[in-house]
Amino acid sequence: MSQERIKVLLAKKKIDVHGRGTKLIARELRDAGMEVVYFRFGVVEEIAEAALQEDVDVVAVSIMTSGQMQVARELIPALKERGMTDVLVIMGGIIPEVDFEPLRELGVHRCFPPGLPGGVVADYIRENVGTATLA
Amino acid sequence: MDATTDQAEQVVAGSALHAGRLITRIENGRADARAVLRSLAPHCGKAQLIGVTGPPGAGKSTLVSALIRELRGRGRTVGVIAVDPSSPFSGGALLGDRDRMVESSSGDSGVFIRSLASRGASGGLAAAANDAVDVLDAMGKDVVIVETVGVGQGEFDIARIAHTVVLVLVPGYGDALQAMKAGITEIADVVVVNKSDSPGAEQTFKELAAQGFQRTGPDGGPPWPVPVLQASALRHDGIAELVDAVDEHHRFTGRTAWRTAHEHARRRARFIAFANDRLREELLETAADARALTDPYGAAEEFVTELIEAHRRLTAHRAAGAETEQK
Ligand code: B12
Ligand SMILES: Nc1nc2c(ncn2[C@@H]2O[C@H](COP(=O)(O)OP(=O)(O)O)[C@@H](O)[C@H]2O)c(=O)[nH]1
Ligand SMILES: [Mg+2]
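Going line by line, the protein sequences match chains C and L. Straight run, no breaks: the first sequence in the working numbering ends on number 136. Straight run, no breaks: the second sequence in the working numbering ends on number 383.
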């Protein structure tokens with residue numbers, strides 16, 4: 002009897018007041034059968050700590066007020082340092098598309114632009130969870 | 057070293073990675089997790105277990121955060137298991153408790169917080185909660201706090217796990233509070249009226265404090281007068297007093313039949329859970345697959361009767377064997 006569920010850490014900066022997008026994504030993922038730990042971080046290390054203790058399959062970061070490059074630069078090594086090398090890392094929110102490739106190079110598996118139809122993020126997670134590595 | 061011993065040793069050594077992964081395997085009902093739990097058993101039983109329950113929005117998570125800060129200030133390490141409900145429709149869940157606890161735990165390896173979805177379990181907890189508590193206990197956390205789902209009623213499972221159950225209430229519940237008074241003596245060891253910074257708190261506190269709640273002990277155990285406190289989790293008011301009251305209850309029960317009864321109840325719950333899991337996996341699923349099930353009730357009745365009969369014969373056979381040996 003399989004009771005496995007995809008667990009997602011959905012993180013957003015504490016100082017970022019934009020809450021609608023993350024709430025929407027959180028509900029979408031829940032309704033797709035996933036367990037979503039929602040939380041607001043002060044420093045990037047908190048995301049890695051939470052990912053470790055919660056043993057999530059996916060780390061999703063919402064970026065509404067820029068700073069995506071810095072977050073990625075700190076987050077990926079922090080995850081690797083803790084042995085979380087098979088976690089899927091995604092970002093979404095207001096991120097300029099020119100940053101998508103550099104973010105991928107830093108180790109972010111996928112960035113999502115705003116205004117996507119419902120289901121896209123959940124489908125991507127389902128298809129890619131468990132296959133990702135942070136090499 | 058085999059995998060089981062290795063995993064157990066990593067957890068005992070305090071590895072958050074191994075503890076986190078083990079809890080996931082427990083949640084998923086994996087047989088290999090049970091073997092690790094068994095190896096961990098000798099390292100369990102040291103932690104003080106605190107339950108935090110109460111209606112949604114009462115401030116349970118915020119209060120847990122305040123407790124973390126207070127306990128860390130006193131040099132005690134803390135583990136937290138926070139349970140939120142799963143959606144009965146999708147099976148998914150929104151786990152929001154951790155969000156309230158970030159500030160008091162950030163960058164502190166003395167704190168380990170794990171959110172669990174209830175996954176259909178009734179009783180205010182997740183099926184994995186009892187074992188997850190053991191993992192944090194074996195990790196060496198001095199105190200393990202369990203936050204229940206918080207539907208407000210029927211959350212009796214927490215009393216079977218925690219040494220001390222803290223019931224969090226807030227002003228302005230009116231009728232709901234009246235209804236809960238009946239349940240207080242069944243579950244609460246300490247009552248705290250949270251949000252003392254908001255209007256009506258004083259009134260609610262006085263009303264509850266005047267009740268003189270008492271919990272009757274198990275056979276031979278003296279009754280415990282339930283203290284009623286007030287606190288503001290948000291402002292960190294009354295938190296030291298709360299920790300003192302919880303510790304006082306822990307000392308009190310430790311000296312009496314309360315603790316023996318509690319420990320027996322936990323072992324009993326564990327026996328039933330383990331046996332239940334294995335029976336389901338190794339007997340029931342196969343039995344169900346092997347039958348036509350046109351009459352599921354009849355088939356179940358017949359199957360269970362056969363099992364009981366077989367077990368009765370085995371027991372009799374063993375007893376006879378033991379007698380022959382003695383002769
Ligand atoms: C409403 C709004 C506000 C409200 C927020 C209210 C609230 N509580 O949510 C208020 C007025 C408070 C506000 C404040 C500010 N805002 Co504003 N705000 C907006 C606005 C108009 C809409 C945002 C919104 O709610 N959209 C609806 C939701 C459903 O969509 P969404 O947030 O984009 O989320 C979707 C996707 O992005 C995606 N998504 C989001 N997160 C994630 C995460 C993952 C992992 C994934 C996969 C997907 C995903 O999924 C969602 C559903 O499709 C946008 C402009 C815009 N059109 O986007 C600006 C905008 C986001 N704000 C902006 C700015 C600059 C600010 C302020 C700094 C303004 C200021 N100078 O004071 C402050 C920020 C203060 C702070 N500390 O955070 C900029 C950000 C620019 C940037 N990133 O480069 C924007 C883009 C406006 C602009 N064009 O300049 N804002
Ligand atoms: N005014 C006030 N609000 C509080 C206090 N403690 C918690 N809250 C608020 O009550 C709401 C629910 O808190 P939460 O801890 O999530 O409650 P839970 O559902 O019982 O876990 C949040 O908005 C908190 O900020 C308090 O002591 N005073
Ligand atoms: Mg809560």
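Note that the Cβ used here is the ideal one computed from N, Cα and C, for glycine as well. Computed from a predicted structure; not experimentally measured.
- The DSSP assignment places complete beta strand (DSSP E) segments of no fewer than 3 residues inside the stretch 105 to 177 of chain L at 134 to 140, 149 to 151 and 167 to 173, in order along the chain.
- Listed along chain C are Asp56, each with a C-beta nearer than 7 Å to that of Thr80 (chain L).
- Boundaries of the alpha helix (DSSP H) harbouring Thr316 (chain L): Ala313 to Leu335, taken from the DSSP string.
- With contact defined as three or more Cβ pairs closer than 8 Å, the stretch 63 to 76 of chain L and the stretch 77 to 85 of chain C are in contact.
- At a cut-off of 9 Å, the C-beta of Ala51 (chain C) has a neighbouring C-beta in chain L.
- About 11 Å separates the CB atoms of Gly110 (chain L) and Ile214 (chain L); that is not less than 8 Å, and the two are not in contact.
- Of all C-beta pairs linking the stretch 121 to 129 of chain L to the stretch 296 to 313 of chain L, three or more are shorter than 8 Å, placing the two stretches in contact.
- The C-beta of Arg21 (chain C) comes no closer than 9 Å to any C-beta of chain L.
- Within the same chain, Cβ atoms closer than 7 Å to the Cβ of His99 (chain L) are found at Val68 and Ala194, the five residues on either side in sequence being excluded.
- In this structure, the alpha-carbon of Val191 (chain L) lies about 11 Å from that of Arg94 (chain L).
- Taking each of L:Ser143, L:Arg315, L:Lys116 and L:Ala289 in turn and checking the Cα distance to Asp153 (chain L), the smallest one comes out for L:Lys116.
- Placement of the Cβ of Leu53 (chain C) at a distance of 8 Å or more from every heavy atom of ligand 2 is found.
- For Asp293 (chain L), the three-state secondary structure derived from DSSP is strand.
- For the options L:Gly239, L:Ser165 and L:Pro227, the alpha carbon positioned closest to that of Pro255 (chain L) is the one of L:Pro227.
- Interface flag for Asn250 (chain L) against chain C is unset, since no Cβ pair is found closer than 9 Å.
- Closer than 9 Å to the CB of Leu150 (chain L) there is at least one CB belonging to chain C.
- Taking a Cβ-Cβ cut-off of 9 Å, the neighbours of Asp155 (chain L) in chain C comprise Val38, Tyr39, Phe40 and Arg41, given in sequence order.
- For Asp124 (chain C), no CB of chain L lies under 9 Å from its own CB, so it is not counted at the interface with that chain.
- Taking all protein chains shown into account, Ser288 (chain L) has 16 or more neighbouring C-beta atoms within 10 Å of its C-beta and is therefore buried.
- Within the same chain, Cβ atoms closer than 6 Å to the Cβ of Pro141 (chain L) are found at Ser174 and Val205, the five residues on either side in sequence being excluded.
- Using a Cβ-Cβ cut-off of 9 Å, Glu128 (chain C) is close to nothing in chain L; its nearest Cβ partner there is about 17 Å away.
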